[in-house]
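J.: Quick note on numbering that gives the first Met the number 0: the sequence shown kicks off at 0 and runs consecutively. Please find one structure pasted underneath; my questions will follow.
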Amino acid sequence: MPSDLAYWIISVPLEDGDPHRMFSELGSKLLSDGGSASNDFGQLQFPPLKTGTLESLISLSEDLPKFDGQYTQIVAKIIDTLRALLNNDESALAQHVLVNEQSLDDYMLGWSWNTGKYRADRGLRETVESLGKELTSIDNVMKQKLANYNAAKGQLQQLQRKKQGNLSVRSLADVVHKQDFVDAQSEYLETLLVAVPKNNVKDWQARYERLTAMVVPRSSHKISADEEYALFNVTVFKKVKDEFIQKCREAKFTVRTDFCWDDDLVIRQRQELEDAGDSEKELWTELLRLARTNFSEAYQALAHLKVVRTYVESVLRYGLPADYFGVVVRPNAKRTKALLTTLIGQYRYLDSYAQNGGSKNSNKNNEANAGDAPGEYAQLLEEEQFPFVLTEQYMVAV
């Protein structure tokens, strides 16, 4: 069952050189039996692509599913980037997943080959390689820009975390003051900051002078407190500093060895946070703009690749001349089964297309052949489920 979260690109042999009649007939069926609305489908015109040799078509048909999967993932990753940048705001996302400022529905249901960008007179392999290079280039640029943004975002979050959390981990630059420390030029003394669990405050006050020798008596004072910890200072002789820190650990007191008083620290940290915020915002804006542009370019390239794949499978299945009628359908999730049943019924005659010389009417006179293998080259393809060629194009749910 094809996905109801994808556009269906459908191809069948062109009858009597009249695609408009075929579109009208199919449209009537889709409206009456397929659960579709008039704006759920649109005609697709294949460009005059160069068929090439049978060998080249077979080779390309083997590679296209792999390319399809790889390049669809590139588009999907751009969508993921946009969702992350926009905090999963679906209404905001809808304003960015556009193709040449068109909605995806308008683009796909009114699709046409971009002759100004993709030459149709080149070989199919060359066309596919050109599309692949474009998509790979887009992917590489997005990876680099995303890495730059994530680095800036990570730095900002790290600085923000320093101002958050409890007193055992957060930055103390805006908590302590210079007078909480002995003179930094002292040859013998040093002040340490200790985060004490609130339940252990009395224990600290009773024990700190005896944790080691050479602790300055009555040098510990409570500087601040939060819901979990109280922050104390204590002055010790430098020669016992390491031993004192070890004894604190054993008593479950956290010495903030990561902090040293600096007269300019508060100003510097505030500036670092401001600079990191500005950098993150600038890169966010740049990445959002790039993701929007690259989504448009990548989606177009992927759509062209899907059409090439549909064309190649049509040639291998139905043979020459390579004249095909194409249509793009947006399935209604609630009526997908009815839509598929209608399409199968409309093109059931193609089950015996090749045996009957490509004639729709001759099939009515030879129902016995309806189950035979279709097309001169059908055995070269994997087993088909439907009488028509169907390729799915990525649809963004917003």
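In this text, a Cβ means the ideal position worked out from N, Cα and C, and glycines have one as well.
Are the stretch 8-20 and the stretch 297-312 touching, with three or more C-beta to C-beta distances below 8 Å?
T.: With the cut-off at 8 Å, the stretch 8-20 and the stretch 297-312 touch.
J.: When you compare only the Cα positions, how much space is there between Glu-391 and Glu-285?
T.: Approximately 31 Å, taken between the alpha carbons.
J.: Please tell me whether Thr-253 and Ser-167 are closer than 7 Å, where the distance is taken between their beta carbons.
T.: Yes. Within cutoff.
J.: Classify Glu-54 as buried or exposed, calling it buried when 16 or more other Cβ atoms lie within 10 Å of its own Cβ.
T.: Exposed.
J.: Can you tell me whether Lys-246 is helix, strand or coil according to DSSP?
T.: Here Lys-246 sits in helix by DSSP.
J.: Take Gln-163 and list the residues in its own chain whose beta-carbon comes closer than 8 Å to its own, dropping the five residues that flank it on each side.
T.: These residues qualify, in order along the chain: Arg-169.
J.: Report yes or no: do the stretch 325-335 and the stretch 83-102 share at least 3 C-beta pairs separated by less than 8 Å?
T.: The stretch 325-335 is not in contact with the stretch 83-102.
J.: Is the Cβ-Cβ distance between Ile-73 and Asp-179 less than 7 Å?
T.: Contact flag unset, no.
J.: Using the Cα positions of Asp-62 and Thr-114, report the straight-line distance between them to the nearest angstrom.
T.: Whole-angstrom Cα-Cα distance: 24 Å.
J.: So, is Thr-190 buried or exposed, given that buried needs 16 or more other C-beta atoms within 10 angstroms?
T.: Buried, by the Cβ-count rule.
J.: Based on Cα-Cα distance, which residue from Lys-201, Gly-131, Asp-262 lies nearest to Gln-69?
T.: The shortest C-alpha separation from Gln-69 is found at Gly-131.
J.: Grab the span of the beta strand (DSSP E) containing Ser-10 for me, first residue to last.
T.: Note, Ser-10: beta strand (DSSP E), 5-12.
J.: Report back the beta-carbon spacing between Leu-84 and Leu-287 to the nearest angstrom; my notes put them in contact at under 8 Å.
T.: Indeed, because the Cβ distance is near 5 Å, the residues count as touching under 8 Å.
J.: Mark Ala-183 as exposed unless 16 or more other C-beta atoms lie within 10 angstroms of its C-beta, in which case mark it buried.
T.: It is exposed - the Cβ of Ala-183 has fewer than 16 other Cβ atoms within 10 Å.
J.: Just the C-alpha distance for Tyr-376 and Glu-281, rounded to the nearest angstrom, thanks.
T.: Since pLDDT at Tyr-376 reaches only 48, below the 50 mark, its modelled position is unreliable, and the value read off the structure follows with that caveat. C-alpha separation (whole angstroms): 55 Å.
J.: Using only the alpha-carbon positions, how far apart do Leu-4 and Leu-158 sit?
T.: Leu-4 and Leu-158: Cα-Cα distance of roughly 41 Å.
J.: Let me make sure I understand the geometry here. Which of Arg-269, Leu-210, Tyr-228 has the alpha-carbon closest to that of Asp-241?
T.: Per the Cα distances, Leu-210.
J.: Does the Cβ-Cβ distance between Leu-398 and Leu-134 come in under 7 Å?
T.: Because the chain in this structure spans residues 0 to 397, residue 398 falls outside the shown range and cannot be described.
J.: Where does Pro-18 fall in DSSP's three states?
T.: In this structure, Pro-18 counts as helix in the three-state DSSP scheme.
J.: For the candidate residues Glu-227, Glu-226, Ala-224, Arg-206, whose alpha-carbon lies nearest to that of Leu-217?
T.: Note that residue 217 corresponds to Arg in the displayed sequence, not to Leu. Closest option to Arg-217, Cα to Cα, is Arg-206.
J.: Kindly indicate the opening and closing residues of the beta strand (DSSP E) around Tyr-393.
T.: Per DSSP, Tyr-393 belongs to the beta strand (DSSP E) from 388-393.
J.: Give me the Cβ distance between Val-395 and Ile-77, rounded to the nearest whole Å; I'm assuming they're in contact under 8 Å.
T.: Wrong, their Cβ atoms sit about 10 Å apart, outside the cutoff.
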